[in-house]
């Protein structure tokens, strides 16, 4: 359903969508937050590699999920709905 007066989509909207879906996929809260949060310049200098292997795996799973949605949309003529599944 489309709202009567849809607001423009912002970067924050994409971040919120990714956060919700990644949590539903079963990724740990601290890994999702580390990947998606705004950076504190001092903090990021010291912990830029925290959870890095998990974050790589998580972002690949996210990319695969997006690819699956795109493929379903083409197969269903644009009527596919997104299904969140465990990684």
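Numbering (UniProt numbering), first residue to last: 1 to 87.
Each residue gets a CB set at the ideal place from its N, CA and C atoms; glycine is no exception.
For clarity, every value in this text was computed on a predicted model and none was experimentally measured.
A contact between stretches requires three or more CB pairs, one per stretch, nearer than 8 Å, and the region 24 to 40 meets this requirement with the region 48 to 63. Of the candidates 6, 67, 29 and 18, the residue whose Cα lies closest to the Cα of residue 51 is 29.
A residue is called buried once 16 or more other Cβ atoms fall within 10 Å of its Cβ, and residue 66, having fewer, is exposed.
The DSSP-derived three-state label of residue 65 is helix.
DSSP places residue 5 in no alpha helix (DSSP H); its state is neither H nor E.
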